[in-house]
Amino acid sequence: MISIKFDGTNVNPDSVMAINRSHNLFMDSFHLGSTASAIYNIELSKQFNPPLNVSKCTLYENGVLFATLVIDSINTEDETKVKYKFTDGMVNFNFEYSAEALINQMGGTCTLLDIMVEICDIANISLATTTFDYHDMEINWYDDRFTGRDYVGFVAELNGGYSYINKNGELEIKSFSSISKVAIPVENCSSFKVGEEHNITRMVYDNGIGTMLEVGVEGETVYIDSNNPFINGTDDEILDILTTILTKLNNFKFYGIEVKDMPIPDVKVGEIITFNLGDEAYPVIWGYKQIYNTMWLGGYSFKANSIMQEETKVIDETTRSINSIRTEINRQSGTVSIIAEQQNEMEDKLVHLQVRAIESDVIITNQKTENPSGYASFKEDGMRIYVQNTNIAEATADRFNCNKGLGIQDWAIVQGQSPSVLNVFRKE
284 MISIKFDGTN VNPDSVMAIN RSHNLFMDSF HLGSTASAIY NIELSKQFNP
334 PLNVSKCTLY ENGVLFATLV IDSINTEDET KVKYKFTDGM VNFNFEYSAE
384 ALINQMGGTC TLLDIMVEIC DIANISLATT TFDYHDMEIN WYDDRFTGRD
434 YVGFVAELNG GYSYINKNGE LEIKSFSSIS KVAIPVENCS SFKVGEEHNI
484 TRMVYDNGIG TMLEVGVEGE TVYIDSNNPF INGTDDEILD ILTTILTKLN
534 NFKFYGIEVK DMPIPDVKVG EIITFNLGDE AYPVIWGYKQ IYNTMWLGGY
584 SFKANSIMQE ETKVIDETTR SINSIRTEIN RQSGTVSIIA EQQNEMEDKL
634 VHLQVRAIES DVIITNQKTE NPSGYASFKE DGMRIYVQNT NIAEATADRF
684 NCNKGLGIQD WAIVQGQSPS VLNVFRKE
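Using the working numbering, the letters of the sequence shown map in sequence onto residues 284 to 711.
1. To which residues of the same chain is Val541 closer than 6 Å at the C-beta, ignoring the five residues directly before and after it?
2. According to DSSP, is Ser328 part of a helix, a strand, or is it coil?
3. Do Tyr565 and Gly752 count as a contact pair if the criterion is CB distance below 8 Å?
4. Decide if Gln388 is buried, meaning its Cβ has at least 16 other Cβ atoms within 10 Å, or exposed.
5. Suppose the cutoff is 6 Å on Cβ atoms and the five residues either side in sequence are ignored; what does the same chain contact list for Gly443 look like?
6. Would you list the residues sitting across from Lys364 in a DSSP beta bridge?
7. Quick one: what does DSSP say Leu621 is sitting in, helix, strand or coil?
8. Check whether the Cβ atoms of Leu324 and Asn303 sit closer than 8 Å, and answer yes or no.
9. Using a Cβ-Cβ cutoff of less than 6 Å, which residues in the same chain neighbour Lys367 once the five nearest sequence positions on both sides are dropped?
10. Within 10 Å of its beta-carbon, does Asn307 have 16 or more other beta-carbons around it, so buried, or fewer, so exposed?
11. Would you mind working out which of Pro655, Val435, Ile287, Asp544 sits nearest Gly372, comparing C-alpha positions?
12. Could you check what DSSP says for Tyr434 in three-state terms: helix, strand or coil?
13. For my contact list, Val487 and Ile507 are in at a C-beta cut-off of 8 Å; report their separation, rounded to the angstrom.
14. Return the CA-CA distance between Arg667 and Arg428, expressed in angstroms with no decimal places.
15. By DSSP, does Glu593 sit in helix, in strand, or in coil?
16. In whole angstroms, what is the alpha-carbon distance linking Ile622 and Asn654?
17. Tell me the DSSP secondary structure of Gln637 in three-state form.
18. When you compare only the Cα positions, how much space is there between Ser460 and Tyr575?
19. Suppose the cutoff is 8 Å on Cβ atoms and the five residues either side in sequence are ignored; what does the same chain contact list for Thr430 look like?
20. Nearest to Thr679 by CA position, among Ser660, His635, Val550, is which residue?
21. Between which two residues does the alpha helix (DSSP H) holding Leu522 run?
22. Give the straight-line distance between the Cα atoms of Thr412 and Glu453, rounded to the nearest whole angstrom.
23. In chain order, what residues of the same chain lie with their CB nearer than 8 Å to the CB of Ile402, ignoring the 5 residues before and after it?
24. Looking at the structure shown, is Ile402 part of a helix, part of a strand, or coil, going by DSSP?
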């Protein structure tokens, strides 16, 4: 028997006209870092004067708490009933977040766990999981482009899994596990259809502009979110992270399945349940869409399409030619580098573009090194050219100068009598 409380006050069970719920980690494709919310719709009869100012809902089954929810919307347009839409506390994380103040407060360095604790404090949600992969990763930079919910997803991705709000309204960070929580005989279901088989064997990080790193063997591929700021560093460091994640997910097998009218298991979203058909077993990732009528009723539909992403290719032809583009990110120095290189037996071409936050400029050079001695620098006020770390020329909107071995020759540009005439003077 379901009982409902709105803001701690019991709802008259006779006023309840309908309850339904849904919670699925994925819309169409399997991925890591899901932060999907559970949604509950409750309809109460207007004959019982249901409250119109509600902020929190708790649901109990046979006196045991099983859901803690927050209000999303209240609809009173129907003449006979009030429609309440509730969601879990994951929506509380929909705020812009920067770790700048936290890092400064902690002397310049904090951990990933420190960031998660602060995000949960802001969201007014308790953090139930305090040990997860890379929880002790040291962070001395901040990125304010993302929401608190984005960061929850990034951490869940590092942990090889997903996040969800538990029955007590707390945030849990979970890893996917192949261990089945319950087995359901297919003869207890109706309209059983088996879909695509999935078996994770490969992990890929591809930022789309030349850096493509992979671990595992050919097969079902999981693509890491290239926006995840915690997956960064050298190629070897990123590969170590991919390997750690794949260690959890390697040969993680599940199916797409469509079932109508099935026994509803007492398992959490994201856990594995197994449908048994004769000698065959079909593991699936649990999610639900159900209605309540003295008991939860519904089926199961999960169609996790394979993600086929166009991956960056590095060409290595029989003529020993190399066409490569790679990116390098250094968060400590605030630089992003893109190096494009083409080599063959006749020539070697290289362009190195670097964005430098500290110097507030963009430079272009033909040298691979992070600190080239010769380059062109572009800032808001103009362009400068350096050779052997010496500024030999610069140009702005109203002046330019150059050094061709005679010392700096300073020049001025002045408009002539006609708008089409510019007079150039060397300053003494």
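No residue lacks a Cβ here, since even glycine has one placed at the ideal position from N, Cα and C.
Let's see:
1. By 1-based counting over the sequence shown, the position of residue 541 is 258. Position check: residue 541 holds Glu in this sequence, whereas Val was assumed. Short of 6 Å from the beta carbon of Glu541, and not among the five residues preceding or following it, lie these beta carbons of its own chain, in chain order: Lys476, Ser584.
2. Locating residue 328 in the sequence shown gives position 45, counting from the first residue. Correct three-state label for Ser328: strand.
3. Residue 752 lies beyond the stretch modelled for the chain, which goes from 284 to 711, so this question has no answer here.
4. Taking the sequence shown and counting its residues from 1, one reaches residue 388 at position 105. Gln388 is exposed by the Cβ-count criterion.
5. By one-based count along the sequence shown, residue 443 stands at place 160. Ser458, Ile528, Lys531, Leu532, listed in sequence order.
6. For this step, residue 364 is matched to residue 81 along the sequence shown. Paired residues: Ser328.
7. Taking the sequence shown and counting its residues from 1, one reaches residue 621 at position 338. With the sequence shown as reference, residue 621 is identified as Ile, and Leu is not the correct amino acid for it. In the structure shown, Ile621 falls within a strand segment according to DSSP collapsed to helix, strand and coil.
8. On the sequence shown, residue 324 is found 41 positions in, with the first residue counted as 1. On the sequence shown, residue 303 is found 20 positions in, with the first residue counted as 1. Before going further, note that residue 324 is Asn rather than Leu in the sequence given. Cβ atoms of Asn324 and Asn303: closer than 8 Å.
9. Translated into positions along the sequence shown, residue 367 becomes position 84. Reading off the sequence shown, one finds Tyr at residue 367, where the question assumed Lys. Correct list, in chain order: Ile325, Ile357.
10. Here residue 307 is taken as the residue at index 24 of the sequence shown, counted from 1. Asn307 is buried by the Cβ-count criterion.
11. As a first step, residue 372 is located in the sequence shown; it is residue number 89 there, counting from the start. For Gly372, the nearest C-alpha among the options comes from Val435.
12. As a working note, residue 434 is residue 151 in the sequence shown. Reduced to three states, the DSSP call for Tyr434 is helix.
13. One-based indexing of the sequence shown puts residue 487 at position 204. One-based indexing of the sequence shown puts residue 507 at position 224. That belief holds up - the Cβ atoms of Val487 and Ile507 are roughly 7 Å apart, short of 8 Å.
14. Against the sequence shown, residue 667 aligns to sequence position 384. Against the sequence shown, residue 428 aligns to sequence position 145. Approximately 31 Å between the Cα atoms of the pair.
15. Translated into positions along the sequence shown, residue 593 becomes position 310. Residue placement at Glu593 is poorly supported in this model, since its pLDDT is 44, which falls under 50; the coordinates still yield a value, given next. Reduced to three states, the DSSP call for Glu593 is coil.
16. Counting from 1 along the sequence shown, the entry for residue 622 is found at position 339. Counting from 1 along the sequence shown, the entry for residue 654 is found at position 371. Computed Cα separation, rounded: 13 Å.
17. Here residue 637 corresponds to residue number 354 of the sequence shown, with the count starting at 1. Looking at Gln637 - three-state DSSP - the assignment turns out to be strand.
18. Start at 1 with the first residue of the sequence shown, and residue 460 comes out as number 177. Start at 1 with the first residue of the sequence shown, and residue 575 comes out as number 292. Taking the straight line from one Cα to the other gives about 29 Å.
19. For the purposes of this step, residue 430 is taken as the residue at position 147 of the sequence shown. Cβ neighbours of Thr430 beyond the five flanking positions: Phe376, Asn377, Phe378, Glu379, Tyr380.
20. Residue numbering aside, residue 679 sits at position 396 when the sequence shown is read from its first letter. Considering only Ser660, His635, Val550, the residue with the shortest C-alpha distance to Thr679 is Ser660.
21. As a working note, residue 522 is residue 239 in the sequence shown. Per DSSP, Leu522 belongs to the alpha helix (DSSP H) from 518-532.
22. The sequence position of residue 412 within the sequence shown is 129, counting from 1. The sequence position of residue 453 within the sequence shown is 170, counting from 1. So the two alpha carbons sit approximately 9 Å from each other.
23. Locating residue 402 in the sequence shown gives position 119, where the first residue counts as 1. For Ile402, where only same-chain residues beyond five positions count, the Cβ hits under 8 Å are Phe376, Tyr380, Gly431, Tyr434, Val435.
24. Working through the sequence shown from its first residue, we reach residue 402 at position 119. Here Ile402 sits in helix by DSSP.
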